[in-house]
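**Q** Numbering-wise (UniProt numbering), the sequence shown opens with residue 1 and increments by one. From the three backbone atoms N, C-alpha and C, an ideal C-beta is built for every residue, glycine too.
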Amino acid sequence: MLPCGPCVPFCLLHFRVQDSQTPALPGCSNRHLGTRHRRGADSGLAEVLGERLLWSWPPGPWVPLAGASRWLLGPGSLHWKEQMDCKIQSRMETTFGPAFSAVTTITKADGTSTYKQHRRTPSSSSSLAYSPRDEEDSMPPISTPRRSDSAISVRSLHSESSMSLRSTFSLPEEEEEPEPLVFAEQPSVKLCCQLCCSVFKDPVITTCGHTFCRRCALKSEKCPVDNAKLTVVVNNIAVAEQIGELFIHCRHGCRAVGGGKPTVFEVDPRGCPFTIKLSTRKDHEGSCDYRPVRCPNNPSCPPLLKMNLEAHLKECEHIKCPHSKYGCTFIGNQDTYETHLETCRFEGLKEFLQQTDDRFHEMHVALAQKDQEIAFLRSMLGKLSEKIDQLEKSLELKFDVLDENQSKLSEDLMEFRRDASMLNDELSHINARLNMGILGSYDPQQIFKCKGTFVGHQGPVWCLCVYSMGDLLFSGSSDKTIKVWDTCTTYKCQKTLEGHDGIVLALCIQGCKLYSGSADCTIIVWDIQNLQKVNTIRAHDNPVCTLVSSHNMLFSGSLKAIKVWDIVGTELKLKKELTGLNHWVRALVAAQSYLYSGSYQTIKIWDIRTLDCIHVLQTSGGSVYSIAVTNHHIVCGTYENLIHVWDIESKEQVRTLTGHVGTVYALAVISTPDQTKVFSASYDRSLRVWSMDNMICTQTLLRHQGSVTALAVSRGRLFSGAVDSTVKVWTC
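Here it is in structure tokens:
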């Protein structure tokens, strides 16, 4: 009786008929001789061939043939009685298919053969598994080796006593004449490609980490293991070297079996007996004594082995005269060849013919040299043509760049003309005011001029702050740094303060401490004396837009909130959060005992002592971006280019100043006993100087190459920061 269940593919034993007893298979708990495991008389097949017993059953796994080294498989569709009637008219053999799947060969009495390959079910391991539908699949035989010791059986390469199976394989090739490849021992399953189920050929590692044949990896789109996209990364040299160390039979010791496709090879006992490493096969096969050769005298001579060539040449009847190329028609054996040379009419002309050949050879060499020179000249001509094409393309690119530069210059010229027109309009406006007697006498000393530029930031400058005690200017930028500038002697950057992880949006000084607010939602405390960071506070859930200090308190503005902090040494302790704000708080100013905050179309006035809102000013023109407070006025700049002015006592709006064509980002005040001037910075890249005596623009400053975003004043000097990453200094 046969083994049942999943133990069938692995119970590889030799069965013999001994006293009508069949031993139990290792690893199977059943005695496969009892009736409880029988499948019925017509579900199995047995043949008694001398001492050999053939078993077949429907699942079609591997079955051993007693006393032989091959494995046999029954198709499961033939009955016992039918097989006995056939009187051994057909023969069934199972050999190794791709990835060790079973391939059944059924040879009938008339010599015809049919083949069945049993599907291999997917498995994460290398064990063999079979589908119940294996019997339904039929295909040509896989290129698998079979070794025969007779006309109808295969010769065993393993010792029957050791029970070790040494299987041989031939790799499937797509060429018409595949190269014989018969391994001396069964290769490890780990050396087989999971796509083609054959030993790796040119193994490569793909992005999924698995190894496949290069051709298989290029043809397949998905990895059969994890379904990942296949992309070749690098050659698997380690696996290639392992395969190269496998021993194979010399190709001249193998022969083709049958006429199917692909071709199946087996060991030829009459061929080369050597086994060699796969990596050195060419060295051996090129000099193998069993290599087929042709007789150099006549192609019609039968094929020879290299070791028999010398003996054949002594007996060959087709030896030609050495002067046959000159017209001698002699053909004979070795004896008549020597006699012929004594009487050959070309023998006397041998030296002349040799000289003629030499001259022809020299002419051929000279002709080849001329051909090489012609080819070289043609290649040089091609290179020159390519060079000319490149020069033409380069010239075209340069013309394109020139056109682009001309267009840019034209745009810049138009922009300068617009600026000049704006200045002319301002000048005309001032002259008209002078003629009407509105303005006082013209004072040339009050004209502000750009005296210098601080360069060093790698991004837009968003805030400025002046420390008057040490003549230091602090600037915060999008490059996440704060630069410290000397405004008294060297006019250079003394240090760059790093600590924020976001844009520095606000700066404020209280005593000897610098406070910086950032888009990273933190406030950092810096010691101005040694320019070192002393504390970091997680202040808001949103960017800190503005900072101001008063009465030993720090006020920070963010989205819909103002936080009040008590300053205790280097610590900030939250005192209160001012709410009721409708939008971002981008502007905060502390003057006397009041805090002014700007948000969307609203300015709120807070009592610093009680932290209560005591007044609300309604504006127009969108969000309030900047606020300035003079002795008599409250001034704010808005998103929609407007500057609103209120009387500080009555809280009544007295004027709306126009002139900017972009958001008013910053306001600053310079007051003297004679007059008060307000400076405004805008998105339109300009600064405007406003006289608060008569509410008119007295000067427009245009020196920045980007939007002006920040202002600071100190000792009659004005500092402006802009998106062009610079800080400019203005004085009268």
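#1: May I have the straight-line CA-CA distance separating residue 297 from residue 228, to the nearest angstrom?
#2: Count Cβ pairs between the region 620-633 and the region 676-695 that sit closer than 8 Å; are there 3 or more?
#3: Keeping to the same chain, check which residues put their C-beta closer than 6 Å to that of residue 588; ignore five residues upstream and five downstream.
#4: By Cβ distance below 8 Å, which residues in the same chain neighbour residue 715 in space, the five residues on each side in sequence not counted?
#5: Report the residue from 725, 197, 349 whose alpha carbon sits nearest the alpha carbon of residue 463.
#6: Less than 8 Å separating the beta-carbons of residue 199 and residue 214?
#7: Over the uninterrupted alpha helix (DSSP H) stretch that includes residue 286, give me the two end residues.
#8: Compute the distance between the beta-carbons of residue 281 and residue 271, then report whether it is under 8 Å.
#9: Just to confirm before moving on: does the CB-CB distance between residue 522 and residue 503 stay below 8 Å?
#10: Give me the Cβ distance between residue 707 and residue 685, rounded to the nearest whole Å; I'm assuming they're in contact under 8 Å.
#11: From residue 212 to residue 241, what does the alpha carbon distance come to, in whole angstroms?
#12: Using a 10 Å radius around the Cβ and a threshold of 16 neighbouring Cβ atoms, would you call residue 266 buried or exposed?
#13: Considering only residues of the region 317-399, which uninterrupted alpha helix (DSSP H) runs meet the minimum length of 4 residues and lie entirely inside it, listed in chain order?
#14: Quick one: is the Cβ of residue 645 within less than 7 Å of any heavy atom of the ligand NAD?
#15: Can you tell which of 570, 511, 593 has the C-alpha that lies nearest to the C-alpha of residue 525?
#16: State the Cα-Cα distance for the pair residue 380 and residue 363, rounded to the nearest angstrom.
#17: Have a look at 648, 456, 460 and flag the residue whose alpha-carbon is nearest the alpha-carbon of residue 495.
#18: Residue 326: which of 350, 337, 284, 550 sits nearest, CA to CA?
#19: Determine the closest residue to residue 702 out of 422, 347, 515, 581, with distance taken between C-alpha atoms.
#20: Do you know how far the Cα of residue 219 is from the Cα of residue 328?
#21: In terms of residue numbering, what span does the beta strand (DSSP E) encompassing residue 314 cover?
#22: Measure the Cβ-Cβ separation of residue 505 and residue 543 and say whether it is below 8 Å.
#23: Just reading off the beta strand (DSSP E) that residue 767 is part of, what are its end residues?
#24: Thinking just about the alpha-carbon of each residue, which of 371, 593, 551 is nearest to the one in residue 575?
#25: Cutting at 6 Å between CB atoms, please list the residues of its own chain near residue 293, excluding the five before and the five after it.
#26: DSSP has residue 292 in a bridge; who is on the other side?
#27: Contact check, residue 697 vs residue 426 under 8 Å by CB: the rounded distance?
#28: Hey, quick one: how far does the alpha helix (DSSP H) through residue 497 stretch, first residue to last?
#29: Does DSSP put residue 259 in a helix, in a strand, or in coil?
#30: When you compare the CB of residue 272 with every CB in chain D, is at least one pair closer than 8 Å?
#31: Mark residue 508 as exposed unless 16 or more other C-beta atoms lie within 10 angstroms of its C-beta, in which case mark it buried.
#32: If I follow the unbroken alpha helix (DSSP H) through residue 278, where does it start and stop?
#33: CA-CA distance, residue 728 and residue 208?
#34: Can you pull the DSSP bridge partners for residue 519?
#35: Could you spell out where the alpha helix (DSSP H) holding residue 238 opens and where it closes?
#36: Which of the three DSSP states is assigned to residue 566 in this structure?
**A** To lay it out plainly:
#1: Taking the first residue of the sequence shown as position 1, residue 297 is located at position 297. Taking the first residue of the sequence shown as position 1, residue 228 is located at position 228. Looking at the two C-alpha atoms, the distance is approximately 60 Å.
#2: Yes: at least three Cβ pairs fall under 8 Å.
#3: Here residue 588 refers to the residue found at position 588 of the sequence shown. Counting only Cβ-Cβ distances below 6 Å, and skipping sequence neighbours, we find 546, 548, 555, 557, 597.
#4: As a first step, residue 715 is located in the sequence shown; it is residue number 715 there, counting from the start. Same-chain partners within the cutoff: 468.
#5: Taking the sequence shown and counting its residues from 1, one reaches residue 463 at position 463. The shortest Cα separation from residue 463 among 725, 197, 349 belongs to 725.
#6: Along the sequence shown, one-based indexing puts residue 199 at 199. Along the sequence shown, one-based indexing puts residue 214 at 214. With contacts defined by Cβ atoms closer than 8 Å, residue 199 and residue 214 do not form a contacting pair.
#7: Against the sequence shown, residue 286 aligns to sequence position 286. Element bounds for residue 286: 281-286.
#8: In the sequence shown, the residue the question calls residue 281 occupies position 281. In the sequence shown, the residue the question calls residue 271 occupies position 271. Contact: no.
#9: In the sequence shown, counting from the first residue as 1, residue 522 sits at position 522. In the sequence shown, counting from the first residue as 1, residue 503 sits at position 503. In this structure, residue 503 does not lie closer than 8 Å to residue 522 by Cβ.
#10: Here residue 707 refers to the residue found at position 707 of the sequence shown. Here residue 685 refers to the residue found at position 685 of the sequence shown. Rounded, the Cβ-Cβ distance is 6 Å, consistent with contact.
#11: The residue given as residue 212 occupies position 212 in the sequence shown. The residue given as residue 241 occupies position 241 in the sequence shown. Distance between the alpha carbons of residue 212 and residue 241: 15 Å.
#12: Start at 1 with the first residue of the sequence shown, and residue 266 comes out as number 266. So residue 266 counts as buried.
#13: 334-343
#14: Among the components modelled here there is no ligand, and therefore nothing to report on the ligand NAD.
#15: For the purposes of this step, residue 525 is taken as the residue at position 525 of the sequence shown. Taking only the C-alpha atoms, the option nearest residue 525 is 570.
#16: Within the sequence shown, the letter at position 380 stands for residue 380. Within the sequence shown, the letter at position 363 stands for residue 363. Straight-line Cα distance between these residues: approximately 25 Å.
#17: Position 495 of the sequence shown holds residue 495. Checking every option, the nearest Cα to that of residue 495 belongs to 456.
#18: Locating residue 326 in the sequence shown gives position 326, counting from the first residue. Ranking 350, 337, 284, 550 by Cα distance to residue 326 puts 350 first.
#19: Stepping through the sequence shown from its first residue, residue 702 is reached at position 702. Nearest C-alpha to residue 702: 422.
#20: Numbered from its first residue, the sequence shown carries residue 328 at position 328. Numbered from its first residue, the sequence shown carries residue 219 at position 219. Each residue's Cα considered, the two are about 57 Å apart.
#21: Taking the sequence shown and counting its residues from 1, the one referred to as residue 314 is at position 314. According to the DSSP assignment, residue 314 belongs to no beta strand (DSSP E) but to the alpha helix (DSSP H) extending over 309-315.
#22: Stepping through the sequence shown from its first residue, residue 505 is reached at position 505. Stepping through the sequence shown from its first residue, residue 543 is reached at position 543. Yes, the Cβ-Cβ distance between residue 505 and residue 543 is below 8 Å.
#23: Residue 767 cannot be examined here, being either before or after the span of the chain that is shown, 1 to 732.
#24: The residue given as residue 575 occupies position 575 in the sequence shown. Ranking 371, 593, 551 by Cα distance to residue 575 puts 551 first.
#25: On the sequence shown, position 293 is the one that residue 293 refers to. The residues are 304, 306, 309.
#26: Here residue 292 refers to the residue found at position 292 of the sequence shown. Partner(s): 305.
#27: For this step, residue 697 is matched to residue 697 along the sequence shown. For this step, residue 426 is matched to residue 426 along the sequence shown. Yes, they are in contact, since the Cβ atoms of residue 697 and residue 426 sit about 6 Å apart, within 8 Å.
#28: What you label residue 497 is simply residue 497 of the sequence shown in a count that begins at 1. Where residue 497 is concerned, there is no enclosing alpha helix (DSSP H), although the beta strand (DSSP E) it sits in stretches over 493-498.
#29: Mapped onto the sequence shown, residue 259 falls at position 259. Looking at residue 259 - three-state DSSP - the assignment turns out to be coil, as it is neither helix nor strand.
#30: Looking for chain D here will not work: only one protein chain is present.
#31: For the purposes of this step, residue 508 is identified with residue 508 of the sequence shown, where counting begins at 1. Around the beta carbon of residue 508, 16 or more other beta carbons sit within 10 angstroms, so the residue counts as buried.
#32: Taking the sequence shown and counting its residues from 1, the one referred to as residue 278 is at position 278. No alpha helix (DSSP H) contains residue 278, which DSSP labels as neither H nor E.
#33: Position 728 of the sequence shown, counted from the first residue, corresponds to residue 728. Position 208 of the sequence shown, counted from the first residue, corresponds to residue 208. Cα to Cα, residue 728 sits roughly 58 Å from residue 208.
#34: Here residue 519 refers to the residue found at position 519 of the sequence shown. Paired residue(s): none; residue 519 is not in a bridge.
#35: Residue numbering aside, residue 238 sits at position 238 when the sequence shown is read from its first letter. Residue 238 -> alpha helix (DSSP H) spans 237-244.
#36: As a first step, residue 566 is located in the sequence shown; it is residue number 566 there, counting from the start. DSSP places residue 566 in strand when its eight states are reduced to three.
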